[in-house]
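Reading through the structure tokens given below for one structure.
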Amino acid sequence: MVSVQDISVSFGSFDLLTNISFLINDQDRIGLAGKNGAGKSTLLKIISGHQSPGSGQIDMSKDVSIGYLPQQMKVDDTTTVINETITAFSELIGLSEEIEYCSSEIARREDYESSEYLKLCDHLTVVEERYRMLGGTNYMAEAEVTLLGLGFERKDFDRPTSELSGGWRMRIELAKILLRKPSLFLLDEPTNHLDIESIQWLESFLSVYSGAVVLVSHDRAFLDAVTRRTIEISLGKIYDYKASWSKYLVLREERREQQIASYRNQQKMIEDTELFIERFRYKATKAVQVQSKIKQLAKVERLEVDEEDKSAINLRFPPAPRSGTVVVEAGGLSKKYGSVTVLNKIDFKISRGEKVAFVGRNGEGKTTLSKIINGELDWVGNLTIGHNVKIGYFAQNQDVLLDENRTVLQTIDDIAKGDIRTKIRNMLGAFLFRGDDVEKKVKVLSGGERARLALVKLLLDPSNLLVLDEPTNHLDMRSKDILKQALIRYDGTLIVVSHDRDFLDGIVDKVFEFKHNKIKENIGGIYDFLRKKKIENLKDIERKDKIKNESVQENVSSNKQKYLNKKEFERNLRKMRKRLEESEKAIEKIEAEIIAVDKSFMEPGNSSEEHEIDYKKYQDLKERLNEEMNSWAQYSQEVEEFLKNND
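In the numbering used here, the protein residues as written are 140 to 786.
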């Protein structure tokens with residue numbers, strides 16, 4: 140389907156990719172592996188046509204369509220959630236407008252025998268057939284089901300996109316790509332802004348999708364659920380494994396061990412052969428054997444062990460200047476965006492040395508409160524920043540805030556002051572920006588490299604309150620672990636926004652849960668909080684609260700209670716499925732009526748009044764069909780949620 144042939148990419152004297160070649164076949168599920176800056180995102184950009192390689196080419200079939208989701212994208216926030224989503228159906232919308240125009244023209248005209256009139260009727264038939272082939276009768280329902288799967292609620296459909304956080308805005312872009320149903324998905328970190336339920340929905344979608352998928356992700360569970368092939372990029376080369384992520388890790392270690400063993404055996408054989416040649420080179424009785432050994436040695440194909448990339452960032456936060464006992468305190472603090480309330484009269488206090496996690500669903504106000512504490516947003520109520528508190532802030536979109544036209548060195552040099560200017564290159568080297576890397580422009584850096592550069596900026600000015608908003612989104616596994624250890628050692632106060640429970644474990648000693656415009660304080664680490672909530676994952680906070688009275692009289696007639704519960708479940712499920720079946724029958728009936736009206740348009744001899752009546756009926760049927768499709772989508776979602784909540 141797609142052939143990647145001898146692709147090379149260089150930046151100055153640095154070779155990012157060197158003669159990369161592989162095939163993407165129909166229904167392939169490929170995970171791209173490699174550390175930050177290895178070239179994963181660059182490779183996706185080249186395949187998608189958004190970047191040209193230094194050499195080599197991409198060949199693909201003419202009928203291949205690509206759906207590309209980059210790590211960063213510029214979006215237009217001037218519409219609503221549903222209107223932005225259905226732009227994925229631009230052809231269908233155009234066909235719908237064409238159908239309405241042709242229908243109104245047919246109803247208006249009376250020259251029934253003219254060639255122009257007949258051409259118009261023929262054109263309408265062709266357009267309507269194309270419209271039906273593309274699923275035009277239910278595209279709105281498809282859009283709604285996809286948005287619901289990605290975590291939106293129906294009440295969100297008419298919300299302006301400008302009110303949404305970056306994570307929710309990215310979900311709309313993902314929904315648009317999924318709805319276009321391309322033959323090849325290229326997804327760069329698609330799970331960064333998704334909660335666990337949405338990730339599971341996306342896993343299910345991609346697992347049964349008929350096209351091919353190539354994705355970059357640092358979510359191991361997601362990779363294992365979706366991919367069946369792993370391509371590792373390391374030091375400009377690729378290693379292709381017909382295995383999912385976890386199996387790839389085992390196979391990679393086995394391959395390296397085999398390489399090392401074979402290399403050592405060969406080196407021992409070469410050494411022994413050379414010793415024999417040197418020992419008996421001038422002995423006449425051994426001349427034949429010596430020549431034989433020399434020829435044998437010349438024919439040996441020398442083995443090499445693949446170079447292993449062991450580079451890692453060296454991160455240690457500077458000592459925190461002493462602050463007052465109370466670092467941040469709020470009373471009755473509220474924040475609105477227009478008519479939407481995000482935080483409603485919240486109270487909290489963070490003391491010196493505490494390490495606090497902000498957790499909760501996207502859009503509940505975690506980033507908003509982080510920005511308020513950093514002085515970026517206004518608010519209503521009371522907020523006090525303690526004595527001598529110096530804030531270091533890492534924004535969720537920190538990589539976007541960097542000037543893309545500055546180099547790595549210029550970015551740091553612009554803000555460095557005093558003696559630290561003499562240590563800039565050493566600091567950048569500790570974060571893997573070495574040699575010519577410092578001359579790279581920000582616009583060519585990967586998401587992980589930008590995150591590392593933002594961390595360097597954070598270290599330039601010692602702070603005693605770190606506010607980190609999703610600092611691990613673009614970091615590879617190794618860099619994430621190093622950042623975690625640095626934060627454990629940090630002696631200041633910490634606020635971190637994250638959904639990564641493994642990252643938070645061992646760092647925080649208090650959890651603030653954001654829910655329904657309020658925050659609730661939970662003393663203890665992240666797993667203490669999870670045990671209290673009885674959920675398996677941080678992102679399960681987004682699930683609806685289950686019925687709390689699950690332990691009703693366990694010791695009294697438990698079998699009877701189970702039986703009653705089962706009967707109630709089956710009765711409710713039958714009702715819901717019957718309603719769904721009735722909706723499906725209604726849709727079939729309306730569609731049959733629409734086909735009948737379509738045929739009436741083509742019957743000769745009908746008067747203009749009859750055409751006008753048919754056209755009104757046609758419009759009424761279309762509106763009824765759209766309403767019934769929306770009802771069907773709602774009923775389907777209710778059945779799905781009912782089964783899930785009663786699993």
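We treat Cβ as the ideally placed atom computed from N, Cα and C, and that holds for glycine.
Per DSSP, the bridge partner or partners of residue i
i, result
"residue 354", "170 and 326"
"residue 476", "479"
"residue 299", "219"
"residue 494", "633"
"residue 484", "Answer is none; residue 484 lacks a bridge partner."
"residue 467", "489 and 524"
Rounded C-alpha distance that separates residue i from residue j
i, j, result
"residue 456", "residue 556", "17 Å"
"residue 371", "residue 260", "56 Å"
"residue 250", "residue 188", "50 Å"
"residue 341", "residue 593", "30 Å"
"residue 236", "residue 765", "15 Å"
"residue 396", "residue 777", "52 Å"
"residue 654", "residue 512", "19 Å"
"residue 719", "residue 779", "12 Å"
"residue 85", "residue 346", "With the chain covering 140 to 786 only, the question about residue 85 has no answer from this structure."
"residue 199", "residue 156", "20 Å"
"residue 767", "residue 658", "40 Å"
"residue 141", "residue 226", "27 Å"
"residue 875", "residue 422", "With the chain represented from 140 up to 786, any question about residue 875 goes unanswered, as that position is not in the structure."
"residue 629", "residue 482", "29 Å"
"residue 183", "residue 161", "13 Å"
"residue 675", "residue 665", "The pLDDT assigned to residue 675 is 46, lower than 50, so where the model puts this residue is not dependable, and the model offers no usable value."
"residue 296", "residue 618", "38 Å"
"residue 661", "residue 267", "59 Å"
"residue 790", "residue 278", "Examination of residue 790 is not possible in this model, given that the chain is present from 140 through 786 alone."
"residue 533", "residue 476", "22 Å"
"residue 170", "residue 647", "32 Å"
"residue 254", "residue 231", "27 Å"
"residue 690", "residue 285", "Note that residue 690 scores 40 on pLDDT, short of 50, meaning its location in the model is unreliable; the coordinates nonetheless yield the value given after this. Looking at the two C-alpha atoms, the distance is approximately 35 Å."
"residue 324", "residue 361", "15 Å"
"residue 434", "residue 405", "16 Å"
"residue 431", "residue 402", "23 Å"
Proximity to residue i [Cα-Cα], best of the options
i, options, result
"residue 496", "576, 542, 523 and 640", "640"
"residue 307", "327, 323, 331 and 320", "331"
"residue 544", "584, 518, 651 and 459", "584"
"residue 571", "175, 727 and 170", "175"
"residue 494", "459, 633, 206 and 234", "633"
"residue 262", "234, 322 and 326", "234"
"residue 367", "387, 349, 378 and 373", "387"
"residue 612", "319, 211 and 186", "211"
"residue 733", "302, 142 and 762", "762"
"residue 566", "255, 600 and 536", "600"
"residue 603", "247, 621, 772 and 458", "458"
"residue 652", "663, 645 and 642", "663"
"residue 550", "536, 636, 595 and 510", "595"
"residue 309", "289, 773, 649 and 320", "289"
"residue 385", "172, 637, 775 and 292", "172"
"residue 758", "144, 246, 204 and 220", "246"
"residue 462", "437, 484, 489 and 479", "489"
"residue 238", "645, 769, 783 and 737", "737"
"residue 622", "418, 454 and 724", "454"
"residue 739", "755, 727, 725 and 614", "755"
CB contact check: residue i to chain D, cutoff 7 Å
i, result
"residue 721", "Here there is only one protein chain, and chain D is not present."
Contact test: residue i Cβ vs the ligand ZN heavy atom, cutoff 6 Å
i, result
"residue 626", "Of ligands this structure carries none, so the ligand ZN is not represented either."
Terminal residues of the beta strand (DSSP E) in which residue i lies
i, result
"residue 145", "141 to 150"
"residue 379", "376 to 380"
"residue 196", "194 to 199"
"residue 156", "153 to 163"
"residue 524", "519 to 524"
"residue 653", "649 to 654"
"residue 606", "604 to 608"
Run of the alpha helix (DSSP H) containing residue i, from where it starts to where it stops
i, result
"residue 549", "547 to 552"
"residue 369", "Not the alpha helix (DSSP H): residue 369 falls in the beta strand (DSSP E), residues 368 to 373."
"residue 207", "Run containing residue 207: none in the alpha helix (DSSP H); it sits in the beta strand (DSSP E), 205 to 208."
"residue 532", "Segment 530 to 533 is the beta strand (DSSP E) holding residue 532; no alpha helix (DSSP H) there."
"residue 238", "229 to 247"
>> With three or more C-beta pairs closer than 8 Å as the rule, is the stretch 239 to 257 touching the stretch 352 to 371?
In response: no
Do three or more CB pairs link the stretch 587 to 605 to the stretch 161 to 168 at distances below 8 Å?
-> no
* Is the stretch 461 to 473 touching the stretch 508 to 524 in the sense that three or more CB pairs, one from each, lie closer than 8 Å? -> yes
Touching or not, the stretch 564 to 581 and the stretch 144 to 153, by the rule of three or more beta carbon pairs under 8 Å? yes
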